[in-house]
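K.L.:
First to last, the protein sequences are chains H and F. Residue 444 in my numbering sits at position 433 of the first sequence, and the numbers go up by one each step. Residue 821 in my numbering sits at position 399 of the second sequence, and the numbers go up by one each step. Note that CB positions come from ideal geometry on N, CA and C, so glycine has one too.
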Amino acid sequence: MSISLETMLQLTIILPLISILGIILAKKSPNIREGVSVITSLILIYVVINLYQALLAGNNIDVFWWEIMPNLSVNFSIEPLGVIFALIASCLWLITTLYAIGYMREHKEKNQTRFYACFALAISTVMGIAFADNLFTLFIFYEVLTLSTYPLVTHSGTKEAKQGGRVYLGILLSTSIVFFLLAIAGTWFITGTLDFKQGGIFSADVDKSVVGMLLVLFVFGIGKAGIMPFHRWLPAAMVAPTPVSALLHAVAVVKAGVFTVLKVCVLIFGLDLLNVIPTTQFLLYVAGASVLLASIVAMRQDNLKARLAYSTISQLGYITIGALLATSSGVIGSSMHIATHAFGKITLFFCAGAILVAAHKSKISEMRGIGHQMPLTMMAFFIASLSIIGVPPAGGTWSKWFLLMGTIDSEQWILMVILMLSSLLNIAYLLPIPFHAFFSKDNSLPAEKVVENEGYLVNSQIKEAPLPALIAISLTTLGCLLLFIYPQPLFDLATSVLTNRN
Amino acid sequence: MLHLPILQVVIPLMAAPLCLLLKRPQLVWLFALFVSTVAFIISLLLLQQVSTTGVISYELGGWQAPWGIEYRIDQLNALLLIIISATSTVVLIAAQTSIEKEIPKNKHTLFYILYLLSLTGMLGIVSTGDAFNVFVFLEISSLSAYSLIALGKKRQALWASFQYLIMGTIGATFILIGIGLMYQMTGTLNMEDLSQRLPQVAQTKTVFTAFTFIIVGICLKLALFPLHLWLPNAYAYAPSIVTAFFAATATKVAIYLLIRFTFTVFGLSFSFTTLPLQGLFLVLGLMGIIVASSAAIYQKNIKHLFAYSSIAQVGFIIIGLSTNSVMGLTATLLHLFNHAIMKGAIFLALGAVVYQIGNSQLVNFSGLGRKMPLTMAAIVIGGLSLIGVPLTAGFISKWYLLTALIENNWWPVAILILLGSLLTVIYVWRIVEVIYFKEPLAENTSVTEAPILFLISIWTLIIANFYFGIDTRFSVQLTQSAAQSLFGLSP
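1) Measure the beta-carbon distance from Ala128/H to Ile279/H and round it to whole angstroms, keeping in mind my assumption that it falls under 8 Å.
2) Does Asn655/F pass the burial test, meaning 16 or more other C-beta atoms within 10 Å, or should it be called exposed?
3) Cα-Cα, which of Ile505/F, Thr610/F, Tyr480/F and Leu444/F is closest to Ile463/F?
4) Taking the alpha carbon of Ile535/F as the reference point, which residue from Leu455/F, Ile547/F and Ile848/F has its own alpha carbon closest?
5) What does a CB cutoff of less than 6 Å around Ala774/F pick up in its chain, not counting 5 residues either side in sequence?
6) Enumerated in chain order, which unbroken segments of the alpha helix (DSSP H) with a length of 4 residues or greater are wholly contained in the region 774 to 836 of chain F?
7) Under 8 Å between beta-carbons, which chain H residues line up against Ala800/F? List them in chain order, please.
8) Within 8 Å, do at least three Cβ pairs link the region 262 to 269 of chain H to the region 121 to 138 of chain H?
9) Are the region 807 to 821 of chain F and the region 881 to 893 of chain F in contact at 8 Å, needing three or more beta carbon pairs?
10) Give the C-beta separation of Gln735/F and His761/F to the nearest angstrom, bearing in mind that I take them to be a contact with Cβ-Cβ under 8 Å.
11) Who does Glu78/H pair with in a DSSP beta bridge?
12) If the cut is a Cβ gap below 7 Å, which residues of chain H does Ser843/F touch?
13) Just to check my reading of the structure: Ile733/F and Phe647/F have Cβ atoms closer than 8 Å, yes? What is that Cβ distance to the nearest angstrom?
14) Report the option in Leu193/H, Met347/H and Ile233/H whose CA atom is closest to the CA atom of Leu824/F.
15) Mapping the DSSP letters down to three states, classify Arg243/H as helix, strand or coil.
16) Just to confirm the assignment, what range does the alpha helix (DSSP H) spanning Ile601/F have?
17) Straight-line CA distance for Ile724/F to Leu790/F?
18) Is the Cβ of Pro812/F closer than 8 Å to any Cβ of chain H?
19) Quick check on the burial criterion: 16 or more other C-beta atoms within 10 angstroms. Buried or exposed for Ser447/H?
20) Could you name the residues of the region 73 to 84 of chain H whose beta carbon sits closer than 9 Å to any beta carbon of chain F, in the order they occur along the chain?
21) Rounded to the nearest angstrom, what separates Gly701/F and Ile562/F at their Cα positions?
22) If you measure between the beta carbons of Gly546/F and Ala660/F, is that distance less than 8 Å?
23) In whole angstroms, what is the alpha-carbon distance linking Met495/H and Leu397/H?
24) Give every residue of the same chain whose Cβ lies closer than 6 Å to the Cβ of Ala334/H, excluding the five residues on either side of it in the sequence, and list them in chain order.
25) Tell me, please, which residues DSSP counts as bridged to Thr550/F.
26) In the structure shown, what three-state DSSP assignment does Asp73/H receive?
27) When the Cα of Asn61/H is compared with those of Thr487/H, Leu16/H and Met416/H, which residue comes out closest?
28) So what's Ile768/F in DSSP terms, helix, strand or just coil?
29) Residues of the region 818 to 834 of chain F in Cβ contact with chain H at a cutoff of 9 Å, in chain order, please.
30) Using three-state DSSP, classify Val462/H as helix, strand or coil.
31) Strictly under 8 Å for the Cβ-Cβ distance: is Phe150/H near chain F by that measure?
32) Cα-Cα, which of Leu690/F, Leu806/F and Lys820/F is closest to Leu756/F?
33) For Tyr5/H, count neighbouring C-beta atoms within 10 Å of its own C-beta (all shown protein chains included) and say buried if the count is 16 or more, exposed if not.
34) With 8 Å as the threshold, decide whether the Cβ of Gly344/H is near any Cβ in chain F.
35) Does the distance from the CB of Ile740/F to the CB of Gly707/F come in under 8 Å?
36) Output the boundary residues of the alpha helix (DSSP H) element that contains Glu17/H.
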C-alpha cells in the first residue's frame with residue numbers, strides 16, 4: 012500500500028466529509044447521491060480494516076493536526092476500543108445506507124440530500140471520537156456529533172419533531188456544557204494533560220473527593236450514555252426517520268456516549284483509582300437503577316420504537332456498569348457489549364422501520380399476526396431479541412457473560428441480581444412481539460375475514476419491506492449470529508483495551 | 423512609521439469633514455471604507471511594532487510626556503485598535519446597501535461623517551495615554567453615537583438616543599469628575615505619571631472618591647448590570663449598521679478603560695485589595711449574565727434579544743476581570759476579541775434581514791431558513807459561537823474563563839456561568855426553531871437572499887469565528903502577553 016497508516020487514520024474522518032460534497036453536488040439524481048454514500052462507506056470500511064490490521068501488527072499511529080490552545084491539541088491515534096467502535100460504525104453505516112435507500116424512498120421523505128449529508132457528517136465525527144487521542148479532541152467531536160444529528164432528528168419538520176429536537180438538543184447540550192466541560196476543565200487543571208493514557212492520568216496521591224466529584228460530573232455529563240435521569244433525549248429522538256434511530260440512536264450516538272465513559276474510566280481515571288474513589292459505588296447503583304427502571308418503562312411502551320429506545324437506555328447502563336466495576340472482565344464485557352448490542356439493536360430498529368414501511372404499523376398491539384406477512388423481518392427480530400437478552404445463539408451472550416463475571420469478581424451482588432433481573436425483563440418486553448407475530452391472530456381484522464385455521468391464510472400474502480431494507484436486516488442479523496459463533500477477534504480486541512500502549 | 427500612533431487617530435478625524443466635499447453617497451462610502459481600511463492597516467503595523475520593539479510612546483507635538491499629551495501603545499491598546507478598526511472596516515462594506523433603505527438619502531453623507539467621527543473617538547480613547555484626552559475622545563465618540571442612533575428609521579430611535587444621551591452624559595461627567603479629583607491630588611493627567619503618584623496619596627478620601635466616580639462612569643458606558651438600561655433600545659432602534667458597529671466595539675472600548683484605570687492607573691492592589699472591586703464585579707457580572715440572558719429569552723424583537731445578550735456577555739467579560747489572575751484577564755481580553763467578531767456577524771446578519779423585510783421581529787423570521795439560507799446560517803453559527811460550541815471562537819474564551827475560575831477554586835461560579843451559557847442555548851434555539859420550522863409569513867414569500875456586499879461582510883466575520891476557534895495562536899498569544907504585562911510580569 013502506498014498510503015501511509017497516518018493518512019488512513021485521517022481519511023476515516025475526511026472521507027465522509029468529502030462525500031458530503033459529492034452528496035450535495037449529486038442532489039438532482041438520487042441514484043448517484045446514494046451511490047456516493049455507499050461507495051464512501053465501502054472505502055471507509057476498507058480503511059478501518061487496514062487500521063485494524065495495523066493495530067494487530069502492533070503499529071502505533073499518531074496523528075497531530077494542530078494545537079488549538081497551548082498544550083491542547085487535536086490528536087488522533089489508534090487503540091483497540093476505538094477500533095472496535097470504528098469498525099462497528101463503518102460497517103453499520105454501509106448497511107444503514109442500504110436500508111435508508113429502501114426506507115426513505117418508500118416513505119417518500121423530503122430533503123433526502125440534507126439527510127444523507129448530515130448522516131455523513133455524523134459518521135465523520137464518530138470516527139473523530141473513535142480515534143481521538145485526548146479528551147479535548149473527543150469533546151470537540153462529541154459536540155459536533157450532537158449538532159450534526161439535530162437536523163436528522165427533526166427531519167420531518169413537524170411540531171413533534173421540533174419538540175423532540177428540543178429535548179434532544181437541550182439535554183445533550185446542557186449535560187455536556189455544564190457537567191462534561193466542567194469535568195474536562197477540572198481534570199486539565201489538576202493533571203495538566205488530557206491525553207488518554209493506560210492506567211489513567213491522575214497521580215496516586217490526588218485528592219479523592221475532588222476526583223470523585225469529577226467522576227460524577229463525567230458520568231452524568233456524558234449525556235449520550237443515557238444514564239437516568241438524563242435519558243429523556245433518547246425516546247425524544249425517536250421522532251426521527253427509522254434509519255436515523257437505527258444507526259444514530261442504537262449505534263453511533265449512544266455508543267459514542269458509552270465509549271467515552273469507558274475511555275474516561277479506563278484511560279483517564281484508570282482502574283486502580285476507580286476502585287478507591289468514594290463515588291464509584293454510588294454511580295454503580297445509579298447505573299443499576301437506570302438499567303432496571305428503563306427495562307420496566309420499556310415494558311409499558313406500546314410504540315415499538317419507544318420500547319426499543321428504553322431498552323437501549325437499559326443496555327447502555329450495562330456498559331456503564333461494566334466500566335465502573337473497574338475489573339478486567341467488566342471492561343471486556345463492556346467493550347464487547349458495545350459491539351453486540353449495536354448489531355442486535357440496529358436489527359430491531361430496522362425491523363421496526365420495515366414494519367412501518369410495509370405494514371404502516373408502529374404500535375406493538377397492532378402487530379399480532381404480522382409474522383405471516385413479514386416472516387423474514389420477524390425472524391430477524393427474534394434473533395436480535397435473543398442477542399439483546401443474551402442467550403445463544405446470538406452475540407449478546409458473551410458480553411453479558413463477561414459483565415456478569417465482572418460483578419462476581421468485584422463481589423457486587425446487588426448489581427449481579429440487577430443484571431439478571433433485567434435480562435428477565437428483556438425477555439418479557441422483547442419476546443412477546445415475535446411470539447404474537449407468529450402465533451396470534453390479527454385482532455384488527457374484521458371477523459368474517461378470519462377464515463378457519465388461525466386466520467393465517469388471509470394474511471399469508473407476503474409483503475416484506477423493500478429489498479435494500481431486507482438485505483440490510485439480513486446482514487445485521489447474520490452479524491448477531493456471527494458474533495456468537497466467532498467472537499474471538501472481538502474478544503481479543505476487548506482484552507487488549509486494558510493492555511495496549513503503556 | 424514614527425508617527426503611526428497619531429496617524430491612527432488623525433486620519434479618520436481629518437477624513438470626516440472631507441466627506442462633505444465628496445457629496446455623492448457612493449463616493450463617500452468608498453472613501454470611508456478606504457479610510458477605515460487605512461486605519462486597520464495602521465493598527466496592524468502598530469501591533470507589529472509593539473511586538474518587536476515593545477511599548478510605543480509618542481509625544482504629541484514634541485512636548486515631553488508628563489506635560490504634553492502622550493500616546494501610548496502597548497499590546498492591550500494594539501489589540502483594541504485592531505478590534506475597532508477591523509470591525510469598522512468589515513461593517514462598512516455592507517454600510518451603503520444597508521443605509522439605502524434605513525436612512526433618507528440626504529443624510530447619507532452625514533451618516534458617514536458621524537461614523538468616522540465615532541471611529542476617531544474610539545481609536546483616540548484607546549491610543550491616548552492621557553486621562554483628560556480620554557475624556558475628550560469619549561465625548562467625540564459618544565456625541566457622534568447619539569446622533570447615529572437618532573438616525574434610526576423609527577420614532578423610538580429618538581427616544582432611545584435621548585435615553586443614551588442622558589445616561590452617557592452622566593457617565594462622562596462622572597469620569598470627568600474623577601479625572602479632576604485625581605488631577606487635584608497629583609497634579610498630572612498622564613496615566614503613567616498618575617500610576618506613579620497615586621500610591622503616595624492612595625489612602626485619601628479624595629482618591630477613593632475619584633476612583634468611585636471613574637469606575638461608576640465607565641460601568642455606565644459599558645452597560646454593566648444594573649447600569650445597562652440604555653443599551654437595549656439604543657441597539658434596537660439605531661440603524662442596523664450602527665448597531666453592528668457599536669455592538670462589536672463600543673462596550674469593548676469602555677471595558678478597555680476599566681482595565682486601564684483599574685490595572686494601570688490605580689494599580690491592582692488599590693483596586694482589588696483596598697477596595698472591594700473584585701467581589702462587586704463578580705456579583706454584578708453573574709447577575710448580569712443571569713438577568714440579561716433571561717430577559718433575552720422573552721424578547722420579541724431579535725435586535726432587542728441580542729442587545730440583552732450583549733449585556734450578558736459583558737457579565738462574562740467582567741467575571742474574567744474579577745478573578746484577578748492572568749488566566750482570567752486573558753479570558754476577558756479573548757472574549758473582548760471573540761465577542762466582537764460574533765456579535766458583529768450576528769448584527770450584520772440582522773441588518774440584512776431588516777434590509778429585506780423591514781424589521782427584525784421574531785415572527786418575521788419564520789421560514790427564512792429557506793429564503794435567506796446564507797444569512798440565517800450566519801445567525802446560527804454566530805449563535806453557536808455565543809453558546810461556546812467547540813471549533814468556534816466563543817469556545818476558546820469560555821474555556822479560558824472556566825480554567826481561570828477553577829484555578830481560583832470558584833467551582834460554584836464556574837457552574838453558574840455554564841448555566842448562563844445554557845440560557846444562551848435557549849434564546850438562540852428559539853430563533854433557530856422559528857427560522858427552520860415555521861412556514862414563511864404571507865408577506866415574506868418573495869424574500870430573497872441578502873445582497874452580495876452584506877454576505878461578504880457577514881461571512882468574513884463568520885469565517886473569522888471559525889478561524890479563531892481553530893487557530894488561536896494570534897489571539898491567545900496576544901491576549902496572554904497583554905494580560906501578563908498588565909500584571910507586571912514580563913511575557
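P.N.:
A quick look at the data gives this:
1) Position 117 of the first sequence, counting from 1, holds the residue named residue 128/H. Position 268 of the first sequence, counting from 1, holds the residue named residue 279/H. Not a contact, Cβ separation roughly 33 Å.
2) In the second sequence, residue 655/F corresponds to position 233, counting from 1. So Asn655/F ends up on the buried side.
3) For this step, residue 463/F is matched to residue 41 along the second sequence. Comparing Cα-Cα distances from Ile463/F to each of Ile505/F, Thr610/F, Tyr480/F and Leu444/F, the minimum goes to Ile505/F.
4) Translated into the one-based positions of the second sequence, residue 535/F becomes position 113. Selected option, being the one with the closest Cα: Leu455/F.
5) In the second sequence, the residue the question calls residue 774/F occupies position 352. So the list reads Thr797, Ala872 and Phe876, once near-sequence residues are dropped.
6) 790 to 793, 795 to 809 and 815 to 829
7) Numbered from its first residue, the second sequence carries residue 800/F at position 378. By Cβ distance, chain H contributes nothing, its closest Cβ being about 16 Å from Ala800/F, past 8 Å.
8) yes
9) yes
10) Mapped onto the second sequence, residue 735/F falls at position 313. Mapped onto the second sequence, residue 761/F falls at position 339. Yes, they are in contact, since the Cβ atoms of Gln735/F and His761/F sit about 5 Å apart, within 8 Å.
11) The residue labelled residue 78/H in the question sits at position 67 within the first sequence. Partner(s): Ser84/H.
12) For the purposes of this step, residue 843/F is taken as residue 421 along the second sequence, with counting starting at 1. Per Cβ cutoff of 7 Å: Ile188.
13) The residue labelled residue 733/F in the question sits at position 311 within the second sequence. The residue labelled residue 647/F in the question sits at position 225 within the second sequence. About 6 Å; that satisfies the 8 Å criterion.
14) Locating residue 824/F in the second sequence gives position 402, counting from the first residue. For the residues Leu193/H, Met347/H and Ile233/H, the minimum Cα distance to Leu824/F belongs to Leu193/H.
15) Walking along the first sequence from the start, residue 243/H turns up at place 232. If DSSP states are grouped into helix, strand and coil, Arg243/H belongs with coil.
16) Position 179 of the second sequence holds residue 601/F. Where Ile601/F is concerned, the enclosing alpha helix (DSSP H) stretches over Gln578 to Thr608.
17) Stepping through the second sequence from its first residue, residue 724/F is reached at position 302. Stepping through the second sequence from its first residue, residue 790/F is reached at position 368. Using only the alpha carbons, I get a separation of about 14 Å.
18) Here residue 812/F refers to the residue found at position 390 of the second sequence. Chain H contact via Cβ: present.
19) Counted from its first residue, the first sequence places residue 447/H at position 436. Strictly speaking, residue 447/H in this sequence is His, with Ser absent from that position. Its Cβ being crowded by 16 or more others within 10 Å, His447/H is buried.
20) Trp77, Glu78, Ile79, Met80, Pro81 and Leu83
21) Working through the second sequence from its first residue, we reach residue 701/F at position 279. Working through the second sequence from its first residue, we reach residue 562/F at position 140. About 33 Å.
22) Here the question's residue 546/F lines up with position 124 in the second sequence. Here the question's residue 660/F lines up with position 238 in the second sequence. Not a contact, by the Cβ cut-off of 8 Å.
23) Locating residue 495/H in the first sequence gives position 484, where the first residue counts as 1. Locating residue 397/H in the first sequence gives position 386, where the first residue counts as 1. For the record, residue 495/H in the displayed sequence is Phe; it is not Met. Straight-line Cα distance between these residues: approximately 11 Å.
24) Translated into the one-based positions of the first sequence, residue 334/H becomes position 323. Only Val272, Leu273, Cys276 and Ser345 meet the Cβ criterion.
25) Position 128 of the second sequence, counting from 1, holds the residue named residue 550/F. Thr550/F pairs with Tyr493/F.
26) If you number the first sequence from 1, residue 73/H lands on position 62. Asp73/H: strand per DSSP, three-state reduction.
27) Looking up residue 61/H in the first sequence gives position 50. Checked all of Thr487/H, Leu16/H and Met416/H; the closest Cα to Asn61/H is Leu16/H.
28) The count along the second sequence starts at 1 and reaches residue 768/F at position 346. DSSP places Ile768/F in helix when its eight states are reduced to three.
29) Ile818, Lys820, Trp821, Tyr822, Leu824, Thr825, Leu827, Ile828, Glu829 and Trp833
30) Against the first sequence, residue 462/H aligns to sequence position 451. For Val462/H, the pLDDT reaches just 44, beneath the cut-off of 50, and the residue's location in the model is therefore unreliable, although a value from the coordinates is still provided. Coil at Val462/H, not helix or strand.
31) The residue given as residue 150/H occupies position 139 in the first sequence. So yes, Phe150/H belongs to the interface.
32) Within the second sequence, residue 756/F is the residue found at index 334, counting from 1. The option with the nearest alpha carbon to Leu756/F is Lys820/F.
33) Since the displayed chain H opens at 12 and closes at 513, residue 5/H lies outside it and no answer follows.
34) By 1-based counting over the first sequence, the position of residue 344/H is 333. Judged by the 8 Å Cβ criterion, Gly344/H is not in contact with chain F.
35) Along the second sequence, read from residue 1 onward, the residue named residue 740/F stands at position 318. Along the second sequence, read from residue 1 onward, the residue named residue 707/F stands at position 285. A contact, by the Cβ cut-off of 8 Å.
36) Here residue 17/H refers to the residue found at position 6 when the first sequence is read from its first residue. From DSSP, the alpha helix (DSSP H) with Glu17/H extends over Leu16 to Leu36.
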